[in-house]
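Counting with the numbering used here, you get residues 6 to 798 for the letters of the sequence shown. The beta carbon of each residue, even a glycine, is placed where N, CA and C say it ideally should be. One structure below.
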Amino acid sequence: MRQSHSSSSRLRPSLCRLSLHLAAAGLLGGGALTGWPAWAQSGAAIPVPPTPAPDPAASAPFGTLTATPSPDGPAQLTARRVTSVLDGESVAEGEVELRRGGLQLTADHLRYLQPSQLAIAQGHVFLRSQGDRYSGSAAQLHLDTNAGTVTEPTFFFGKTQAGGRASRIDFDNPQRLHAYDASYSSCRPEDGSEPDWVLRMDQLDLDFDKNEGRAQGAVLHFLGVPILAAPVMTFPATSAAKSGLLPPTISIDSRGGFSIAQPYYWRLAPNYDLTLGPIVSTRRDTALQGEFRYLLGPNDEGSIAAHYLPYDETIGRQRYSVEAEHYAAVGDGLHYEWSYQDASDDSYWKDFSGMLPSLTPRLLSQSFKASKQWQLDRGDVTLYAGVQGWRTLQDVDNPITVPYERAPQLGVHLNLGLPQGLDFSLETEANRFVLADRAAGDDRAEGSRVHAITSLSRRFDSGWGWFTPKASLNSASYSTDQPMANGRQHASRSIPTLSLDSGLRFERDVSWFGAGLSQTLEPRLHYVLTPYRDQSSLPTFDTAASDFNSMSIYQDNEFTGVDRVSDEHQVTLGATTRFIDDQSGIERLRFGAAQRFQFRDQRVTTSGTPSTKRASDLLLFASGQLTPAWSMDTLLQYNSDIHSSERTILSTRYHPGPFQTLSGTYRYARGSSEQFELGVQWPLYRGGGTGQSGSCHGTLYGVGRVNYSMKDQKVTDSVAGIEYDAGCWILRVVNKRQSTGQSETTQRWMIQLELTGLSSLGTNPLQVLKDNIPGYQLLRDDKTGAQSTSETP
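Structure below.
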């Protein structure tokens, strides 16, 4: 703030602006005073020489300081008075302001000693550069070397939205510094009280060239209580990774008890690193966990993770798991990827649920795939190969059916655009199918299969309607190790299919509560003719029934995979209407209905028994975003024979604003399951003020998801917890409950304290929350951490 000046015998001119060409550009450019990432260090403060009396002959109300022109352009100086001595000293007094580029320096008094190129600022010193701010009682800078010191500085970093105080900061080039008696926090109490969290250090050394940070006598205080201390602490000085200890991770679960892990990070090279550390458990003894990551090139990366417990005290033997994956897209259409998961025993997924995160925790993938694509004049051709294995974790009381392994898989896929608008497609594969880890009583045959699926189609589209005739042929040859149902070990079949797919498009303008909408009406007719071929004796290596939904009802085949082709002489009739907002383009509502009609009995069905029904179940579906906050999605499969629903899915979501989401889903399948799922992220309490010093001024959120089985009358799995955002720190407490059998569950507690601008302590539950809660939003952005949900300014 500008200060008023009393009258004196000296001339009191208005503020003046002088162009200065300073010899050392580092002071005013991106050098020593650009923020934390550009500090440097030196051993001691530079002594301030006494101010000599100015030469009256050289003094003037407006002085001009000239030096060697800077490569970064001129600086501008504003002051009440500037006096100078030729080849000696220049003094600026009263409301001194020095600007250059994005840097601003203000002080009450500024001296520049030209022989030593030393600038000395005193009284209300303030520095601002690229969003970073520094203020102190005095500052000294050698303009030729950028060495200097700031006395009693207060600092704030724009990138981390955090800052602190120190008794002195010394720097001797733009990339190194010493800070003494320093404190650091992202909390900014307005009343001068103690921040909620603060890191205090006797001495802080930073070397940005080497990416090395070192803190001596470091103690982390949270709500006035010291929670972490270290005589010497090393850390990266920039956003780049650096070798060193990572924060400890604490885990609590119902099967393993309390455990703590202390990982160490090795930055082995710019393109690969290693994280390794022990895990001490109250029930299981000490284990070792590690992860190796590597980057071989752009889009060519992978990782290998392992967990090893030499002796599990709960069962009296060793336990381990391995997880590795790699993905590469190395150019010229070449792609390859592989993944490998393995565990020591069938109960591993229950006892260590956090070690092998997977949507199928009892079915661990072991696969390799590679493909090469070539572009042709009128299409493309892809050659691919791979193997797919499985490690199945069986349960005697609840066994699962082991899927076939492919060892190997070889294939070619061809797409061609022919004259007259014809499209040709060919897929041919050779597979060897084997079974491993099969359950007792599983007598399915192993064997080989070669298949080819070809199709020829032509699409006609006039805007108001479209029509696509298509002819296809599904051929397959089998060779099994054990006799098939008919006693043979070799068989082949070819099944042709003819289909006609057509639709119309109608549109009109309508109004809904004063809003302009476009309503479409899109009737569709799909006809398919497939002759009957007896396939009952053939194995089913990769075939399953298609889900019955608004997409699959228009497919030519009721099965997925190759081994089964349903005989069809049917037509599918359906229609969809959509309401589209004219201004935003958002689809406000969609309604649809579809039904299949058979012209003859169907002998190859998903149920395995012939069907004499002439009409399939009626499929009704609707979805939309009714308002900016409300959205819904429904599906009903209605059986007209019993006048009841075969399957129902009802879901809705309410999202009125950021970090506010409430969703509910009801799922019903006749004779199978009936479940209700509720997900939520919602503020439970909003405080005011600055969120400091133990007062509840932040925002408390409830988060969770619960899946309740109405058939079994129990909660099958759930996630429940709270998040408290105080502005400068976030506390997360989350419990995950998972069913691992008919009458057993596993519970896991995840507790994390995130200190904004510093680090996080504890077990990170964010991935669990994102995977389980529809619409969940992070309270902080993953990359910047800048987004805040509290009321703190």
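**Prompt:** Alpha carbon to alpha carbon, how far is glycine 732 from isoleucine 756?
**Reply:** Rounded to whole angstroms, the separation of the alpha carbons of isoleucine 756 and glycine 732 is 18 angstroms.
**Request:** Look up leucine 33 in the DSSP assignment and say whether it is helix, strand or coil.
**Result:** Low per-residue confidence applies at leucine 33: pLDDT is 31, beneath 50, and the placement is therefore not dependable, though the value from the model is reported in the following sentence. Correct three-state label for leucine 33: coil.
**Asked** serine 75 to leucine 148, Cα distance in whole Å?
**Response** Because serine 75 carries a pLDDT of 44, less than 50, the predicted location of this residue cannot be relied on, and no value is offered for it.
**Prompt:** Cβ of glycine 222 within 8 angstroms of Cβ of aspartate 212?
**Reply:** No, the pair does not count as a contact, with Cβ atoms beyond the cut-off.
**Inter-residue spacing [alpha-carbon to alpha-carbon] between arginine 605 and serine 326** = One alpha carbon belongs to arginine 605, the other to serine 326, and they sit about 54 angstroms apart.
**Request:** Let me know the secondary structure DSSP gives proline 424 once reduced to three states.
**Result:** Three-state DSSP puts proline 424 in a helix.
**Message:** Looking only at its chain, what residues have a beta carbon closer than 6 angstroms to the beta carbon of proline 268, apart from the 5 residues adjacent to it on each side?
**Reply:** Correct list, in chain order: Leu251, Thr280 and Gly282.
**Asked** Are the beta-carbon atoms belonging to arginine 785 and isoleucine 727 less than 8 angstroms from one another?
**Response** Contact flag unset, no.
**Prompt:** With a Cβ-Cβ cutoff of 8 angstroms, do serine 499 and leucine 478 count as a contact?
**Reply:** Cβ distance < 8 angstroms, so serine 499 and leucine 478 count as in contact.
**Alpha carbon of leucine 655 to alpha carbon of threonine 614, nearest angstrom** = Their Cα atoms are separated by approximately 30 angstroms.
**Request:** For the alpha helix (DSSP H) holding glutamine 487, just list the boundary residues, first then last.
**Result:** Counted as a single uninterrupted DSSP element, the stretch harbouring glutamine 487 is not any alpha helix (DSSP H), since DSSP gives it neither H nor E.
**Prompt:** Beta carbon of glutamate 512, beta carbon of threonine 525: below 8 angstroms?
**Reply:** In contact: glutamate 512 and threonine 525 (Cβ atoms closer than 8 angstroms).
**Request:** Buried or exposed for asparagine 178, please, with buried defined as at least 16 other CB atoms from any protein chain shown within 10 angstroms of its CB.
**Result:** Buried.
**Prompt:** What residues are listed by DSSP as bridge partners for glutamine 180?
**Reply:** BP columns for glutamine 180 are empty, so no partner.
**Message:** I'd like to know whether the C-beta atoms of phenylalanine 681 and tyrosine 659 end up nearer to each other than 8 angstroms.
**Reply:** Not in contact: phenylalanine 681 and tyrosine 659 (Cβ atoms no closer than 8 angstroms).
**Message:** Tell me the DSSP secondary structure of glutamine 772 in three-state form.
**Reply:** Glutamine 772 falls in the helix class under three-state DSSP.
**Request:** State the start and end residues of the unbroken beta strand (DSSP E) segment that holds aspartate 722.
**Result:** 719 to 730 is the extent of the beta strand (DSSP E) around aspartate 722.
**Asked** Tell me which same chain residues have a C-beta within less than 8 angstroms of the C-beta of glutamine 782, skipping the five on either side of it?
**Response** Only Pro663, Phe664, Thr666 and Gln686 meet the Cβ criterion.
**Message:** Can you tell me whether leucine 631 is buried or exposed? The criterion is at least 16 other CB atoms within 10 Å of its CB, across all chains shown.
**Reply:** Flag for leucine 631 reads exposed.
**Request:** Could you spell out the range, first to last residue, of the beta strand (DSSP E) harbouring tyrosine 325?
**Result:** Taken as a continuous stretch (DSSP letters only), the beta strand (DSSP E) holding tyrosine 325 covers 322 to 336.
**Request:** Out of Ala97, Gln81 and Gln380, point me to the one whose CA is closest to threonine 88's CA.
**Result:** Relative to the Cα of threonine 88, the nearest Cα in the group Ala97, Gln81 and Gln380 belongs to Ala97.
**Request:** Rounded to whole angstroms, what's the CA-CA distance from phenylalanine 602 to valine 567? Just pull it up for me.
**Result:** In this model, phenylalanine 602 and valine 567 are separated by some 24 angstroms (Cα to Cα).
**Request:** Please work out which residues of its chain come closer than 6 angstroms, Cβ to Cβ, to valine 570, disregarding the five sequence neighbours upstream and downstream, and give them in chain order.
**Result:** Setting aside the 5 residues that flank it on each side, valine 570 is surrounded in the same chain by Asn479, Ile500 and Asn562, each with a C-beta closer than 6 angstroms to its C-beta; the list follows chain order.
**Item:** Alpha-carbon to alpha-carbon, proline 253 and alanine 441
**Value:** Roughly 39 angstroms separates the two Cα atoms.
**Asked** Just checking, does the region 534 to 553 make contact with the region 586 to 602 on the three C-beta pairs under 8 angstroms criterion?
**Response** The region 534 to 553 makes no contact with the region 586 to 602: fewer than 3 CB pairs, one atom from each, lie closer than 8 angstroms.
**Request:** Figure out for me which residue from Ala246, Ile257 and Arg753 has the closest Cα to the Cα of tyrosine 277.
**Result:** For tyrosine 277, the closest alpha carbon among the candidates Ala246, Ile257 and Arg753 is that of Ala246.
**Request:** Return the residue from the list Pro275, Arg383 and Tyr185 that minimises the CA-CA distance to aspartate 428.
**Result:** Of the candidates Pro275, Arg383 and Tyr185, the one whose C-alpha sits nearest the C-alpha of aspartate 428 is Arg383.
**Message:** Does serine 612 pass the burial test, meaning 16 or more other C-beta atoms within 10 Å, or should it be called exposed?
**Reply:** Around the beta-carbon of serine 612, fewer than 16 other beta-carbon atoms lie within 10 Å, marking it exposed.
**Request:** Put tryptophan 354 into one of helix, strand or coil per three-state DSSP.
**Result:** In the structure shown, tryptophan 354 sits in a helix (DSSP, three-state: H, G or I).
**Asked** Which runs of the beta strand (DSSP E), 3 residues or longer, sit entirely within the region 236 to 266?
**Response** Fully enclosed beta strand (DSSP E) runs of 3 or longer: 254 to 258 and 262 to 266.
**Request:** Could you tell me if glutamate 749 is buried or exposed, where buried requires 16 or more neighbouring beta carbons within 10 angstroms of its beta carbon?
**Result:** The residue in question, glutamate 749, is exposed, as its Cβ has fewer than 16 Cβ neighbours within 10 Å.
**Item:** CB of tryptophan 754 within 8 angstroms of CB of asparagine 777, strictly
**Value:** The criterion of a C-beta distance shorter than 8 angstroms is not satisfied by tryptophan 754 and asparagine 777.
**Request:** Could you tell me the distance, in whole angstroms, from the CA atom of arginine 272 to the CA atom of serine 248?
**Result:** Their backbone Cα atoms lie some 5 angstroms apart in a straight line.
**Asked** Any idea what DSSP makes of tyrosine 559, helix, strand or coil?
**Response** Residue state, collapsed to three classes: helix.
**Prompt:** In this structure, what does DSSP give as the bridge partners for phenylalanine 213?
**Reply:** Beta-bridge partners assigned by DSSP to phenylalanine 213: none are found.
**Item:** Distance CB(threonine 565)-CB(threonine 548) smaller than 8 angstroms
**Value:** Cβ atoms of threonine 565 and threonine 548: closer than 8 angstroms.
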